[in-house]
Amino acid sequence: MIEVRLYAAQRLSAMILAPLVIVHLILILLAVEGGLTAAEILDRTRGSIGWAAFYGIFVLAAAIHAPIGLRNVIREHTGWRGEGVDKAMIGLGILLFVLGGRAILAVVVG
Amino acid sequence: MAVTGTERPAETMSETGTLSVEVWRGRDDGRFQSFTVPHRANQTVLDIVTWIQRHAEPALAYRFACRVGVCGSCAMTVNGKPRWTCRTHVGKVAVDGHLRIEPLRNLPRLKDLAVDMTPFFEKWQAAEGRFHPTKTRRDPLSTISPSSPKRQAADAGIECINCGVCHAACDVVAWNDDYLGPAALNRAWTLVNDERDGGKRTVLDAVSQGGGCHSCHSHGSCVEHCPVGLNPTRGIAGLKRMTLVGLLSGDAG
């Protein structure tokens, strides 16, 4: 039952995303306190397994959550249904994962 | 066309002025027709429609049967909201002496105020909303405790009169043709809680398809408008929970 699986995946990814988004927002507020520079960000993230894991899970959860939600919106509010929209959303999920993963690698390894 | 009535069929009713009533005529490409109708005490919206048909416009098409809130035939859109017209008092819904009466939303229009209920009942079937017997007439009757949690969950949704008000009120039905709708899913919920029903797995599979219970946004319009006070949203949430448990326990495909 694909619909039950998508429902479960979206709820589970939302439960993971909620605390991560809060930490991410708090981090932004704290990071800009002393003036936001690339050097400061890289100093915090470069070589950090903790931040790599934090944003790795973040990206994975977002890459699962967003396409499922967008699929529902598209199916409800446009005439686009069937395999086409499913394939497009799988593509979106992969794109989000690749772009997010690339960003993490850039600030942790690069 | 404005028509003013002169007859007083019921001596026990007292006239308290007139109402301005707009009624949808035709099918999708129809128009509103205006009538002036005598306003009487304890008058229902169905009384208004019946008065118009009997005294002003004999060709007006509408549907009703019992007139006492049992059969679920007479639902219409009254001043923008879906209602059972036989139990809706004019005094409670008229705005400045004005009523606008239209057919139910989300169902194909046939003529004037009558809609085609076929898609509504087809969705009941698609949701496996029918009893799946496990016994023959020779078997003894099942003994079901009225106080058991499952029976109480089934009882909470069993009084649906199939009026289609929730179906018309639901935005997800309007957005998604495949969505089974609150009434069909409410019926599915009563069945999976009915200990005599042998089709629990079949019902859960049916409501897990695209357009099944997982499409519900829990807006609660069905609860808000249900004329008999049912809570389909709660039943749909129960179906989501049950299918999720089935998935996690490996009971569902």
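Chains as they are written, first to last, in my numbering: chain E, 46 to 155; chain H, -18 to 234.
Note that beta-carbon positions come from the ideal geometry of N, C-alpha and C, so glycine has one too.
Predicted, not measured: the structure shown is a model, and the values here were computed from it.
- Residue burial annotation: residue 216 of chain H is buried, with at least 16 other C-beta atoms found within 10 angstroms of its C-beta.
- In the three-state reduction of the DSSP assignment, residue 112 of chain E falls in the helix class.
- In the three-state scheme derived from DSSP, where H, G and I count as helix and E and B as strand, residue 124 of chain H is classed as coil.
- The beta-carbon separation of residue 66 of chain H and residue 18 of chain H, rounded to 14 Å, does not stay under the 8 Å limit for a contact.
- The Cβ neighbour count for residue 33 of chain H, taken over all protein chains shown within 10 Å, is at least 16; the residue is labelled buried.
- Bounds of any alpha helix (DSSP H) do not take in residue 65 of chain H; it lies within the beta strand (DSSP E) bounded by 62 to 65.
- Counted as a single uninterrupted DSSP element, the beta strand (DSSP E) harbouring residue 17 of chain H occupies residues 12 to 21.
- Residue 57 of chain H: not part of any alpha helix (DSSP H); member of the beta strand (DSSP E) spanning 56 to 59, first to last residue.
- A residue is called buried when at least 16 other Cβ atoms come within 10 angstroms of its Cβ; residue 149 of chain E meets this threshold and is buried.
- At a beta-carbon threshold of 9 Å, none of the residues of chain E lie near residue 172 of chain H; the nearest stands roughly 18 Å away.
- Beyond the five residues adjoining it in sequence on each side, residue 27 of chain H comes within less than 7 Å, by CB distance, of 45, 48, 55, 66, 67 in the same chain, given in chain order.
- Nearest in C-alpha terms to residue 142 of chain E, of all of E/112, E/123, E/121, is E/112.
- Cβ-Cβ separation between residue 91 of chain H and residue 43 of chain H: approximately 10 Å, too far for a contact (criterion under 8 Å).
- For residue 121 of chain E, at least one C-beta of chain H is nearer than 8 Å to its own C-beta.
- With contacts defined as CB atoms closer than 8 Å, residue 169 of chain H and residue 184 of chain H qualify as a contacting pair.
- Residue burial is scored here from C-beta neighbours: residue 82 of chain H has at least 16 other C-beta atoms within 10 angstroms and is therefore classed as buried.
- In the DSSP assignment, residue 79 of chain H falls within the unbroken beta strand (DSSP E) covering 79 to 83.
- Taking the Cα of residue 140 of chain H as reference, the smallest distance to any Cα among H/52, H/1, H/102 is reached at H/52.
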